[in-house]
Every structure is written in C-alpha cells, then in structure tokens.
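One structure below.
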C-alpha cells in the first residue's frame with residue numbers, strides 16, 4: 001500500500017478511542033441487550049474493547065494485503081457473533097451497531113481527506129472501494145457466524161427438551177418408569193426409542209413401565225414405533241409393561257395387527273406398580 005494509505009491507517013488508529021466513544025453516545029436506552037445505554041460498566045468496557053477490535057480489523061486493509069485483512073475480520077466476526085448468539089442479541093441490533101460504527105468510521109476518513117492536502121480523488125475512490133468491500137464482508141461474515149451459532153444453540157436446547165420429554169426414572173433396582181406426556185409425533189417417537197434403549201441399558205433395567213395415560217393421540221406410525229421400542233427392549237433383556245392405554249390407542253394397535261398377548265398391560269400406572277409388589 002502507498003504512503004498515503006499508511007498515513008490514513010495511522011490516523012484512524014490514533015482516533016479509534018474517540019470513534020468508539022462517539023458510538024457509545026449513540027446507544028439507546030430502549031434496547032434490553034448489551035447495546036443498551038443502561039448496560040453495566042463491565043458490559044460497556046467489553047463493548048469498548050470489541051469496538052476497538054472492529055476498527056483495528058477494518059483498518060488493517062490499509063497496510064496488509066486483502067487476504068490477510070479478510071482473515072483478521074473473519075476472526076473478529078466469528079468471535080463476536082458467537083457471543084451475541086449466546087446473549088440472545090437479535091441480529092438486527094448487531095447490524096444497527098455495525099451500521100453506526102461504519103458511519104462514524106467514514107466521518108473520520110472524510111476528516112483525514114479534508115486535512116491532508118496530498119490526498120486526491122483517486123485515493124478517495126480507492127479507499128471507498130476497499131472499505132465498502134471490507135464492511136460488506138464483515139456484515140456477511142457476521143450474519144453467517146451468528147446464524148451458525150444460533151442453530152447450534154437451538155440444536156443443543158432441543159437435545160435437552162428431547163431428554164426431558166422422555167425420562168426413564170428408576171424406582172428400584174432393575175425397574176424404571178417411562179412416563180410419556182403430550183402428543184407424540186414420528187420425530188418424538190424416534191427420540192423416545194433411542195433414549196429409552198440407552199437409559200435402560202445404562203441403568204441396567206430388567207423391567208420398564210411405559211405409561212401412556214397422558215398421551216392424547218397415537219397415530220399408526222407412532223404405535224408402530226412404540227411396539228418397535230418394546231421389541232428392541234426385549235432384545236437387550238428388558239421386559240416392557242404398558243399402562244394407561246386408552247381405547248383409541250388400543251384400537252390403533254389392533255388395526256396394525258399388533259398382538260398384546262405377550263405384553264403385560266394395566267389400566268393405569270398405579271395398578272401396574274401394585275402388581276409389582278405382589
């Protein structure tokens with residue numbers, strides 16, 4: 001890069017603290033995120049450091065080659081995007097923050113151009129192209145990393161929900177209960193199958209009580225999955241005991257040709273557990 005670009009680089013870095021303070025003054029108290037004007041002093045200090053890092057990342061384009069500068073920006077975007085996703089900061093608020101910093105940044109480039117006589121229109125055009133490319137890349141990179149981090153969080157939360165929605169509860173040595181609550185679709189039936197098998201093996205169960213009292217509807221596919229679960233449990237040495245089967249669920253099973261002959265069935269869980277003690 002030319003000498004004039006290096007001078008612009010030094011000018012921006014010399015004024016980066018002032019640029020960040022200007023941005024901090026633009027924050028609104030209406031936001032409930034880290035960008036709020038009422039954020040704690042610790043949060044403000046962290047924002048200050050992140051914003052300084054943003055300015056340094058962008059300004060690197062004036063002294064480094066494009067690939068090196070983009071790598072610098074990619075690293076910044078990845079780090080901050082993950083944090084914002086974990087903090088549940090909406091993407092539009094981040095874009096607003098980046099837009100404000102972008103405008104402030106351009107104001108300082110304009111100041112430099114007006115103060116330095118040897119800077120001409122060709123320099124201004126070159127800087128404009130470089131910075132617009134850089135800012136566009138930052139927005140694209142940040143949005144991508146934020147989306148990826150958000151998807152990972154959703155997947156992690158879904159795993160927790162899945163585990164909680166099909167808990168295998170040990171009640172004594174070798175005996176557990178799988179209380180199923182709410183609607184069961186094909187996806188949840190698959191999760192129940194996997195969780196029940198894994199937990200039954202882990203807890204070394206010999207008997208698993210599957211209670212369907214709180215399941216409102218079981219369609220043909222789900223009924224098939226349920227009996228597939230009992231077959232799989234039998235293979236690993238776990239006896240299945242059903243309780244709380246309502247008439248409509250029984251009717252679905254009969255329609256499928258599923259035979260209850262070799263399965264212990266009780267009207268409710270209390271009856272099933274009473275039988276366990278006798």
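Numbering (UniProt numbering), first residue to last: 1 to 278. Idealized CB from N, CA, C, for every residue including glycine.
Beta-carbon spacing of residue i, residue j below 8 angstroms
{"i": "residue 118", "j": "residue 4", "result": "yes"}
{"i": "residue 245", "j": "residue 222", "result": "no"}
{"i": "residue 168", "j": "residue 148", "result": "no"}
{"i": "residue 33", "j": "residue 100", "result": "no"}
{"i": "residue 158", "j": "residue 189", "result": "no"}
{"i": "residue 143", "j": "residue 91", "result": "yes"}
{"i": "residue 263", "j": "residue 230", "result": "yes"}
{"i": "residue 36", "j": "residue 141", "result": "no"}
{"i": "residue 93", "j": "residue 31", "result": "yes"}
{"i": "residue 8", "j": "residue 112", "result": "yes"}
{"i": "residue 233", "j": "residue 276", "result": "no"}
{"i": "residue 109", "j": "residue 127", "result": "yes"}
Proximity test, residue i beta-carbon vs the ligand FMN heavy atom, cut-off 7 angstroms
{"i": "residue 109", "result": "Ligands are entirely absent from the displayed structure, and the ligand FMN is therefore not among its contents."}
For residue i, the nearest candidate out of the options (CA to CA)
{"i": "residue 104", "options": "212, 229, 20", "result": "20"}
{"i": "residue 180", "options": "154, 150, 121, 242", "result": "242"}
{"i": "residue 63", "options": "56, 232, 6", "result": "6"}
{"i": "residue 214", "options": "227, 231, 183", "result": "183"}
{"i": "residue 279", "options": "206, 227, 229", "result": "There is no way to answer for residue 279, as the model of the chain reaches only from 1 to 278."}
{"i": "residue 102", "options": "197, 139, 256", "result": "139"}
{"i": "residue 220", "options": "115, 191, 201, 251", "result": "251"}
{"i": "residue 248", "options": "89, 212, 75, 130", "result": "212"}
{"i": "residue 14", "options": "38, 41, 52, 40", "result": "52"}
{"i": "residue 10", "options": "50, 22, 61, 25", "result": "61"}
{"i": "residue 134", "options": "273, 228, 56, 93", "result": "56"}
{"i": "residue 217", "options": "236, 2, 185", "result": "185"}
{"i": "residue 2", "options": "89, 65, 26, 227", "result": "65"}
{"i": "residue 272", "options": "176, 107, 232", "result": "176"}
{"i": "residue 22", "options": "41, 85, 170, 97", "result": "97"}
{"i": "residue 150", "options": "228, 115, 89, 128", "result": "89"}
{"i": "residue 204", "options": "170, 227, 228, 38", "result": "170"}
{"i": "residue 50", "options": "110, 28, 79, 95", "result": "79"}
{"i": "residue 67", "options": "29, 130, 120, 28", "result": "130"}
{"i": "residue 132", "options": "153, 106, 120, 152", "result": "106"}
DSSP beta-bridge partners of residue i
{"i": "residue 155", "result": "According to DSSP, residue 155 bridges with nothing at all."}
{"i": "residue 172", "result": "175"}
{"i": "residue 264", "result": "241"}
{"i": "residue 208", "result": "176, 240"}
{"i": "residue 116", "result": "DSSP output for residue 116 lists no bridge partner at all."}
{"i": "residue 223", "result": "Residue 223 is not bridged to any residue."}
{"i": "residue 214", "result": "181"}
Outcome for residue i when other beta-carbon atoms lying within 10 angstroms are tallied against a minimum of 16
{"i": "residue 270", "result": "exposed"}
{"i": "residue 81", "result": "buried"}
{"i": "residue 16", "result": "buried"}
{"i": "residue 310", "result": "Residue 310 lies beyond the range of the chain shown here (1 to 278); nothing can be said about it."}
{"i": "residue 172", "result": "exposed"}
{"i": "residue 174", "result": "exposed"}
{"i": "residue 187", "result": "exposed"}
{"i": "residue 257", "result": "exposed"}
{"i": "residue 210", "result": "buried"}
{"i": "residue 237", "result": "exposed"}
{"i": "residue 59", "result": "buried"}
{"i": "residue 260", "result": "exposed"}
{"i": "residue 267", "result": "exposed"}
{"i": "residue 155", "result": "exposed"}
{"i": "residue 85", "result": "buried"}
{"i": "residue 39", "result": "buried"}
{"i": "residue 208", "result": "buried"}
Under 8 angstroms: do the segment 41-50 and the segment 66-73 share three or more Cβ pairs, one atom per stretch?
no
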